[in-house]
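In what follows, a single structure is set out as structure tokens and then discussed.
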Amino acid sequence: MKIFIDSADVTELKALAATGLVDGVTTNPSLVAKSGRNFFESLKEICAAIPGPISAEVVAQDAETMLAEGRKLRKVADNIVVKLPLTPDGLKACKVLEDEGTPTNVTLCFSAVQALLAAKAGATFISPFLGRLDDGGQDGMELIREIRTIYDIYDYRTQVLAASIRSANHVRDAALAGADCATIPVAVFKSLYKHHLTDAGLEAFLKDWKATGQSIL
Ligand code: E4P
1 MKIFIDSADV TELKALAATG LVDGVTTNPS LVAKSGRNFF ESLKEICAAI
51 PGPISAEVVA QDAETMLAEG RKLRKVADNI VVKLPLTPDG LKACKVLEDE
101 GTPTNVTLCF SAVQALLAAK AGATFISPFL GRLDDGGQDG MELIREIRTI
151 YDIYDYRTQV LAASIRSANH VRDAALAGAD CATIPVAVFK SLYKHHLTDA
201 GLEAFLKDWK ATGQSIL
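Our numbering numbers the first residue of the sequence shown as 1 and each following residue consecutively.
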């Protein structure tokens, strides 16, 4: 499963790029606002730091303006993916951009039939929002399973990008459900390394090694 980071914070993203584990980045207008930076400047820096797909979201509501925004965003770098909302206009723009060779990420997906439409529009990625469904008392992971089943039955190539991830368990369950990618907030990414038995085991190994009085280098 590909790991994307859900952030528009260039400093954080550059630091995580050094792990060698980051396959891409997703941004959204709220994350851009939180970063306090100029959108285009940040995007250029993120695209240069991380070679994988970098999703940049349009803010227009009508297909024509979405296309103009998407084409402008795509000019920032070759690894830009244009993120479009799951609306009739968003899917219209999706089809045109994909036909032009621009990859798209259809966002704000909350149902399997919405995901079906995005696949039919030729989206490169579909972003089902797990956490927001869970927040509303629904089962976000069930949506991933439904989309996986539908895409496999009809052999749709659209990649399932599990989004609105809140925990390491979400990452585990999305991987088990067959998501192609998960976009993860920085704190959740860092938590993926953690296990108390790893810490305790390492401490014991180092203590025992010290007692041998030896050194490797
Ligand atoms: C996806 O691309 C979105 O940026 C993101 O995952 C939304 O997550 P949230 O529900 O935590 O805002």
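Glycine is no exception: its CB is placed at the ideal position from the N, C-alpha and C atoms. Since the structure is predicted, the reported quantities are computational estimates derived from the model, not experimental observations.
Could you give the first and the last residue of the continuous alpha helix (DSSP H) run that contains residue i?
i: ASP135; result: 130-135
i: SER35; result: 29-35
i: ASN169; result: 168-176
Residue i by DSSP, collapsed to three states: which one?
i: ALA58; result: First, the residue type needs correcting, since residue 58 is Val and not Ala in the sequence shown. Coil at VAL58, not helix or strand.
i: VAL10; result: helix
i: THR149; result: helix
i: GLY24; result: strand
i: ASP186; result: First, the amino acid is wrong: residue 186 is Val here, not Asp. It is helical.
i: LYS83; result: strand
i: LEU73; result: helix
i: ILE144; result: helix
i: SER127; result: strand
i: LYS229; result: Outside the displayed span of the chain (1 to 217) sits residue 229, for which this structure offers no information.
i: ILE216; result: coil
i: ILE50; result: coil
Less than 7 Å between the CB of residue i and some heavy atom of ligand 1, yes or no?
i: MET42; result: The question names Met, but residue 42 is Ser in the sequence shown. It does not: the Cβ of SER42 is nowhere closer than 7 Å to a heavy atom of ligand 1.
i: GLY131; result: yes
i: THR26; result: yes
i: LEU31; result: yes
i: THR158; result: no
i: TYR127; result: Per the sequence shown, the amino acid found at residue 127 is Ser instead of Tyr. Yes - ligand 1 has a heavy atom lying nearer than 7 Å to the Cβ of SER127.
i: SER164; result: yes
i: ASP6; result: yes
i: THR107; result: yes
i: THR183; result: yes
Can you have a look at residue i and say buried or exposed, based on whether 16 or more other CB atoms are within 10 angstroms of its CB?
i: GLU57; result: buried
i: ASN28; result: buried
i: ARG172; result: exposed
i: ILE219; result: Lying outside 1 to 217, the shown extent of the chain, residue 219 is not represented and no answer is given.
i: GLN214; result: exposed
i: VAL113; result: exposed
i: HIS196; result: exposed
i: LEU43; result: buried
i: LYS207; result: exposed
i: TYR193; result: exposed
i: VAL59; result: exposed
i: LEU108; result: buried
i: PHE4; result: buried
i: SER133; result: The displayed chain sequence assigns Leu, not Ser, to residue 133. Burial call: buried.
If you follow the beta strand (DSSP E) that residue i is part of, which residue opens it and which one closes it?
i: LEU161; result: 159-162
> Going along the chain, which unbroken runs of the beta strand (DSSP E) with 3 or more residues stay wholly within the stretch 88-113?
Replying inline: 104-109
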